[in-house]
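Just so we're aligned, residue 1 is where the sequence shown starts under our numbering, counting upward by one.
Take a look at the structure below.
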Amino acid sequence: MRRGIFCYSALAIAITLAGCNSDNSTDDEKTVEIDYGVKAMEYLTEIADETTGIGAREASSQQEIQTGNWIYDKLTGFGYDVLVQPFTYVKKVEGVDTTFISNNYIVEKKGAQDKTILLSAHYDSTGSDHGSLGATDNGAGLAAAIAIAEKLQTTDLPYNVRILLPGAEENGLNGSLHYVKNALANGELDNVISMINYDTVGGGDIVYVHAAHSDYNEYKSKCESLGLDESNYNKETTIRDAMLQASIDVIGEDNKYIIHPALAGYPEGETGSWSDHAGFACAGIPIAYVEATNFNINGEYGYDGYSQTTNPQMWDCYDAETKTACDRDTETKWGKIWHTEYDKLDKLEEAFPGRVSEQVKNNVNIVIELLTNEKYFIQAQG
Ligand SMILES: [Zn+2]
């Protein structure tokens, strides 16, 4: 549905190939381009492929731990010092409060100025009982964040970039809320000027970028769980708008991120508190949340962005004219990919040939452009 041309020029790195000349003259220098969008798709396969990948990664499962180890190995392999932040959370199991453990993974690349942009992508998945392998939610975001980390390790940056990979998002934003609470107590958010949340960045029909909600009440319960109130809350659109501009610069006006239209309860371009950006908005940081879905569908509960596609495979019957199910009383699928049997690489490729790789590549290239160019943040800071 969305097609674009990628800007590869910014992704070139020089690799010196010595002694290749047949005439034995001076060493030949050759520029080899590494495409970090392609790298991201390799990482997505390692994460979510049914046979060769890790597969489903339910919060606090053995597979979540395995994914954490995979993240650690990748990031240390790129040359980062990886901070592993363990945390616990309590969930009811058969009516009994039960304590679970998980880990957050954090790396930082220093920039020229002591201001920090934070990029986050949760690494757990859910819906494995329905057959989900978490390819879009959130293998795509994790893979993109890992490829971006790889690129940034060898790149001069205007600002610090901190990459946070939280665990246990799907059962209560546990990793990111723990991170924010701990970071606030230690002053580790003092220099953070923007936060980008990657959650389901590929798969759905349209790639959106959102800001926090202009009504604090939408975030109140999350903020109060951190001991924060409205005086701390940040609803600025600066980083969302900077992301939008970077998308125009990289893939063009026709393919840029989309700002969703005004919907019941959600003003134009604003989102709720259901993903890892929430704690950061509570802590006073402007956020941008990227997700691929479709707000043009009148889904199970209205125009709420929970139907990700009009593709007939993901509906019992979709009526394009009325933008909803042919029969709202009998529809069971509702165009949903997240947490369903359709959130698998093979099913997504069958339904949308080439789409996920294009969306993931675009996201990687847009965020690399953003993080490597001071101008977006000078604009953002007015
Ligand atoms: Zn998610």
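Note that beta-carbon positions come from the ideal geometry of N, C-alpha and C, so glycine has one too.
- [ ] If I'm right that Asn69 touches Phe87 with Cβ under 8 Å, what's the distance once you round it to whole angstroms?
- [x] Not really, about 17 Å apart at Cβ, beyond 8 Å.
Problem - Tyr266 - DSSP class collapsed to helix/strand/coil - result: Here DSSP, grouped into helix, strand and coil, assigns Tyr266 to strand.
For His178, which beta-bridge partners are listed by DSSP? DSSP, once it has assigned bridges, lists no residue as partnering His178.
From the DSSP output, read off the bridge partner residues of Tyr198. Answer is Val290, bridged to Tyr198.
Relative to the alpha-carbon of Glu350, which residue among Met314, Gly139, Ile378 and Ile368 has its alpha-carbon at the smallest distance?
Answer by Cα proximity: Met314.
For Thr67, I'd like the list of residues in its chain whose CB is within less than 6 Å of its CB, leaving aside the five on either flank, ordered along the chain. The answer, listed in chain order, is Ile54, Arg57 and Tyr123.
| For review: beta carbons within less than 5 Å of any heavy atom in ligand 1 | Near ligand 1, meaning a beta-carbon closer than 5 Å to one of its heavy atoms, we find Asp137, Asn138 and Asp199.
* Buried or exposed: Gly227, going by 16 or more other Cβ atoms within 10 Å of its Cβ? -> It counts as exposed.
### Query
Just to confirm, are Tyr289 and Val180 a CB contact at a threshold of 8 Å?
At a Cβ-Cβ threshold of 8 Å, Tyr289 and Val180 do not count as neighbours.
The segment 126-141 touching the segment 211-230, judged by at least three CB pairs closer than 8 Å:
The segment 126-141 vs the segment 211-230: no contact.
Inset, instruction - Evaluate contact between the segment 39-49 and the segment 359-368, counting only Cβ atoms and requiring at least three cross-stretch pairs below 8 Å. - result: Yes, the segment 39-49 touches the segment 359-368.
Opposite Phe87 in the DSSP bridges: which residues? Beta-bridge pairing links Phe87 to Ser102.
Mapping the DSSP letters down to three states, classify Asp229 as helix, strand or coil. When secondary structure is reduced to three states using DSSP, Asp229 falls in the coil class, being assigned neither helix nor strand.
Within this structure, are the beta carbons of Asp343 and Gly172 separated by less than 8 Å?
Inclusion of Asp343 and Gly172 in the CB contact set at 8 Å is not warranted, their separation being larger than that value.
> Excluding sequence positions up to five away, which residues of its chain have a Cβ less than 7 Å from the Cβ of Pro261?
Replying inline: Cβ-Cβ distances below 7 Å link Pro261 to Glu268 and Phe295 in the same chain, with the five nearest sequence neighbours on each side left out; the list follows chain order.
Candidates Ile196, Thr332, Leu370 and Asn182: closest to Ser225 by CA position: Between Ser225 and the set Ile196, Thr332, Leu370 and Asn182, the nearest pair of CA atoms involves Asn182.
- Message: Beta-carbon within less than 7 Å of Asp49's beta-carbon, same chain only, minus the 5 sequence neighbours each way: which residues are those?
- Response: Closer than 7 Å at Cβ, skipping near neighbours: Leu345.
Q | Contained beta strand (DSSP E) runs [length at least 3] in the segment 324-377, N- to C-terminal order | A | You should have found no qualifying run.
Tyr318 versus Thr310: straight-line alpha-carbon distance, rounded | Approximately 7 Å, taken between the alpha carbons.
### Query
Which one of Ile248, Gly131, Ser275 and Phe352 has the shortest CA to CA distance from Gly385?
No statement about residue 385 is possible, as the shown extent of the chain runs from 1 to 382 and does not include it.
For Gly55, name the three-state secondary structure that DSSP assigns. In this structure, DSSP gives Gly55 a state outside helix and strand, which the three-state scheme calls coil.
Discussion item. What does the alpha-carbon distance come out to for the pair Ser25 and Val32?
Written reply: Any reading at Ser25 must be qualified, since the residue scores a pLDDT of 44, below 50, and its modelled position is unreliable; the value itself is stated next. C-alpha separation (whole angstroms): 21 Å.
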